[in-house]
RNA sequence: GGAGGGAUGGGUGAGUGGUUGAAACCGGCGGUCUUGAAAACCGUUAGCCCCGAAAGGGGCUCGGGGGUUCGAAUCCCUCUCCCUCCGCCA
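Below, the structure written as structure tokens:
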């Protein structure tokens, strides 16, 4: 959520930055609503002040055993007025809140301005796409041929956009999770956390998925339970309604979780293979930072994620998202895109964002410097990285002419020394 | 799922309708004393919102929401969470 006072004092700037995101009108009639709300509030509060005063006077009279019936009559009158003004103030407040909840974050000044992904800016590349002396296959052909991946039985037991892994395929998924967690905890200073995969709606509101994006989520019927679309949701909410000490920051967490996404509205997109699934596993990085350092923390978080791909020898590039491509809660985002030989293009495998105080305001995440007044901290998150997409990137990038797949050096200890996937029966 | 008990400030914990936003203790901060520290003593110590340039003024908050009342931390209803016992269960 944007800061109410900041919006009030910088209306034209805020409108302009939102327009850069492609949303010139989200603020609607903010000024009127804001003015009305404050006027109604003042009406109600001045009556309350009067009521408190009279209440004391009644108490004093009663103590002296004197007659208070005139004042009590006035209190009755006041009570009625207060409920009327309260109702008006509540209605205005509710409208303003509903409006503000649906307004996305403002882009940082360093974000390239543009209407969509075509304006994204490539920052750097790592690695050279491999030259194949044969026609590289897609993972959806390689996996089933190796006997480690099965879409048909997954469709039978769950539906489209699910997969079943067998043998070394399942083990590769687990190896990747362990490799990433070990790297981030041992070399990058993150603390591992294993959160619930189901959360309540307040938690989803805190990170910005609700109220606007409910249709992207899976909801458990009959309860206020939702499947998490990313570990960012439970981990960022860990300190909701708490005040942390400034010296405790930055806090750095990494979490392995399954992620569940309805993928509503993506019909026909990435229908083949593992690219877009209803369930996938991911190692997520989350940081709680001082506002002063959050952009440095974004750079280091992005590097931490990229290190995973470097160690695995996967060619990739870093892209700064343009204003029009930014996620709802983010002020600045770098995507990591891994090279996929089958499609001959770079594909998103990680998304690293600085949400500044946007989520902190929604989730009431604060910190305090010494005795000073508490402030909202900055939250960051990024995939470190998506495991399913890494799995398929390894198959495609390390495939051999005979259909086998070489295993990157760093993963071999996690796979019992295995250096090559060869066709296996399942 | 059934029965019972609970939720008060950073912590422990008093408080059953009217100067209680809240005793006391602990902790924190400042000070006195001390070469320094400890101890002792004194003082201080919630958050949010509205008006205001500021000084200041006002409002709300005793788990959340609703109700009773002139007035609610205190009474009633409801939801959430925690604890104990029973059942079920990885």
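Residue numbers (the numbering used here): 2 to 427. For glycine and all other residues, C-beta sits at the position ideal for the given N, C-alpha and C.
Name the two residues that bound the continuous alpha helix (DSSP H) containing residue 140.
To locate residue 140, count along the first chain from 1; it is residue 139. Run containing residue 140: 140 to 147, per the alpha helix (DSSP H) assignment.
Euclidean distance between Cα positions of residue 342 and residue 92
Counted from its first residue, the first chain places residue 342 at position 341. Counted from its first residue, the first chain places residue 92 at position 91. Approximately 56 Å between the Cα atoms of the pair.
Under a three-way DSSP split, which group does residue 78 fall into?
What you label residue 78 is simply residue 77 of the first chain in a count that begins at 1. Of the three classes helix, strand and coil, the one that applies to residue 78 here is helix, per DSSP.
Just checking my contact of residue 107 with residue 3 at CB under 8 Å: how many whole Å lie between their CB atoms?
Looking up residue 107 in the first chain gives position 106. Looking up residue 3 in the first chain gives position 2. The Cβ separation is near 7 Å, so the contact holds.
So which of 38, 312, 397 and 421 has the shortest CA-CA distance to residue 135?
On the first chain, position 134 is the one that residue 135 refers to. The shortest C-alpha separation from residue 135 is found at 397.
Look at the alpha carbon of residue 305 and the alpha carbon of residue 299, and state the distance between them as a whole number of angstroms.
Reading the first chain from its first residue, position 304 is the one you call residue 305. Reading the first chain from its first residue, position 298 is the one you call residue 299. Roughly 10 Å between the two C-alpha positions.
Three-pair Cβ contact test at 8 Å for the region 343 to 354 versus the region 376 to 386
yes
Let me know if residue 399 comes out buried or exposed under the rule of 16 or more other beta-carbons within 10 Å of its beta-carbon.
Locating residue 399 in the first chain gives position 398, where the first residue counts as 1. With 16 or more Cβ atoms within 10 Å of its Cβ, residue 399 is classed as buried.
Bridge partners for residue 282 per DSSP, in chain order?
Within the first chain, residue 282 is the residue found at index 281, counting from 1. For residue 282, which the question treats as bridged, DSSP gives the partners 259.
With DSSP run on the structure shown, which of helix, strand or coil describes residue 13?
As a position in the first chain, residue 13 is number 12, starting the count at 1. DSSP places residue 13 in helix when its eight states are reduced to three.
Same chain, Cβ closer than 6 Å to residue 239, neighbours up to 5 away in sequence not counted
Against the first chain, residue 239 aligns to sequence position 238. So no residue of the chain qualifies.
Counted within 10 angstroms of its Cβ, other Cβ atoms place residue 7 as buried (16 or more) or exposed:
Translated into positions along the first chain, residue 7 becomes position 6. Residue 7 is exposed by the Cβ-count criterion.
Which residue comes first and which comes last in the beta strand (DSSP E) that contains residue 411?
Numbered from 1 along the first chain, position 410 holds the residue referred to as residue 411. No beta strand (DSSP E) contains residue 411, which DSSP labels as neither H nor E.
Residues in the same chain with beta-carbon distance under 8 Å from residue 419, minus the five sequence neighbours each way, listed in chain order, please.
For the purposes of this step, residue 419 is identified with residue 418 of the first chain, where counting begins at 1. The residues are 169, 408 and 413.
Inter-stretch contact (C-beta, 8 Å, three-pair minimum) for the region 285 to 302 and the region 250 to 259:
yes
Three Cβ pairs or more, each shorter than 8 Å: is that satisfied between the region 47 to 64 and the region 7 to 23?
no
Any beta strand (DSSP E) of 3 or more consecutive residues that is wholly inside the region 302 to 357
317 to 321, 333 to 341 and 346 to 355
Flag this pair as yes or no: are the beta carbons of residue 315 and residue 128 separated by less than 8 Å?
The count along the first chain starts at 1 and reaches residue 315 at position 314. The count along the first chain starts at 1 and reaches residue 128 at position 127. Closer than 8 Å, so yes.
With respect to the beta strand (DSSP E) encompassing residue 226, which residues constitute its N-terminal and C-terminal limits?
Locating residue 226 in the first chain gives position 225, counting from the first residue. Where residue 226 is concerned, the enclosing beta strand (DSSP E) stretches over 226 to 228.
Between the alpha carbons of residue 320 and residue 365, how many angstroms are there, rounded?
Taking the first chain and counting its residues from 1, the one referred to as residue 320 is at position 319. Taking the first chain and counting its residues from 1, the one referred to as residue 365 is at position 364. Residue 320 and residue 365: Cα-Cα distance of roughly 31 Å.
So what's residue 377 in DSSP terms, helix, strand or just coil?
Along the first chain, read from residue 1 onward, the residue named residue 377 stands at position 376. Strand at residue 377.
Measure the alpha-carbon distance for residue 123 versus residue 221 and round it to whole angstroms.
Taking the first chain and counting its residues from 1, the one referred to as residue 123 is at position 122. Taking the first chain and counting its residues from 1, the one referred to as residue 221 is at position 220. Approximately 40 Å, taken between the alpha carbons.
Measure from the alpha carbon of residue 202 to the alpha carbon of each residue in 230, 380 and 180, then state which is nearest.
Residue mapping note: residue 202 aligns to position 201 of the first chain, counting from 1. Checked all of 230, 380 and 180; the closest Cα to residue 202 is 230.
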